[in-house]
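A.B. asks: For reference, the structure I am asking about is given below.
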Amino acid sequence: WYQDSLYTLSHCREKTIEIIENNNLKSTIRTTFKQLNIEGKQFDLVQDWSIKAGQPWSEIQLKVINGKLPDGMNFATGIVKLLPEIIQGEPTDYFYAMNWGKQSFHKENMGMAIIAEKKYQPEHIADELSHAYAFKNGDQEVRYRYSSVWERDHNKVKDAAGFKHVVEQAGR
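Position one of the sequence shown corresponds to residue 4 (the numbering used here), numbered consecutively onward.
In C-alpha cells, the structure reads:
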C-alpha cells in the first residue's frame, strides 16, 4: 500500500521460489524478491507461506531484508471481493475480516478470512476488487493468517457461524 494504491509483488529484478520445509506436519514455501520496485522505491523482500497439517489456515510472513519499507509504504493483504460484505472482529489481541457465502467456482458456500495481530494496526482500504487491509504498524515485518473453507471440506463447516469459529481458532 503506497500513495493510496495497492501493488502486487510482481516488479522485481529477480524472484526465487524454494521449498524450505516439507514434511508430514508442516510445509513452507519461500519467495525472495530482489530489488522489488514499487513506484521507483526498491527493496528486497522475503515471503514465507506455510501451512500445518490439519489446520484450515496458512500463515504468511513478509519481511524486508536489510532494512524496512520505504517511508509511507505499508504491507497490505485482502480477500477477493466475490461477496460485497465483510465481517470484521477483534475478539482479543487479534483482528479478523471474513465472509461466507456462494463464492466458490461452482457457486457453493465458501468462507475466506484474514487474521492478524492487532499490533500491526490493520486498516481497511476502500477497493473495488478486494476487501483489503493495510498494516499501519509493521515497516519491516508482518505475519498474518489466511483461511479458506469450502462447505464440502472434511472440516464439516457448513455456515457462517461455523466458519467464524474456525477464524477465531486461527487467531489464537
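Glycine residues also receive a C-beta, built at the ideal position from the N, C-alpha and C atoms.
Quick check: the region 77–84 against the region 109–119, are there 3 or more CB pairs under 8 Å?
C.D. replies: The answer is yes - the region 109–119 touches the region 77–84, with three or more Cβ pairs under 8 Å.
A.B. asks: Rounded to a whole number of angstroms, what is the C-alpha to C-alpha distance between leucine 28 and isoleucine 22?
C.D. replies: Cα to Cα, leucine 28 sits roughly 14 Å from isoleucine 22.
A.B. asks: Could you pull out every residue in the same chain whose Cβ sits closer than 8 Å to the Cβ of lysine 161, ignoring the five residues on either side in sequence?
C.D. replies: For lysine 161, where only same-chain residues beyond five positions count, the Cβ hits under 8 Å are Asn112, Glu154.
A.B. asks: Among His134, Trp4, Trp60, whose alpha-carbon lies nearest the alpha-carbon of serine 30?
C.D. replies: Of the listed residues, the one whose Cα sits closest to serine 30 is Trp60.
A.B. asks: What is the rounded straight-line gap between the Cα of tyrosine 149 and the Cα of aspartate 156?
C.D. replies: Cα to Cα, the separation comes out at about 16 Å.
A.B. asks: If we ignore side chains and look at the alpha-carbon of each, how far apart do glutamine 45 and glutamine 38 end up?
C.D. replies: Those two C-alpha atoms are separated by around 5 Å.
A.B. asks: Take glycine 92 as the anchor and find which of Asn40, Phe36, Gln172, Ser8 has the nearest alpha-carbon.
C.D. replies: Considering only alpha carbons, the answer is Gln172.
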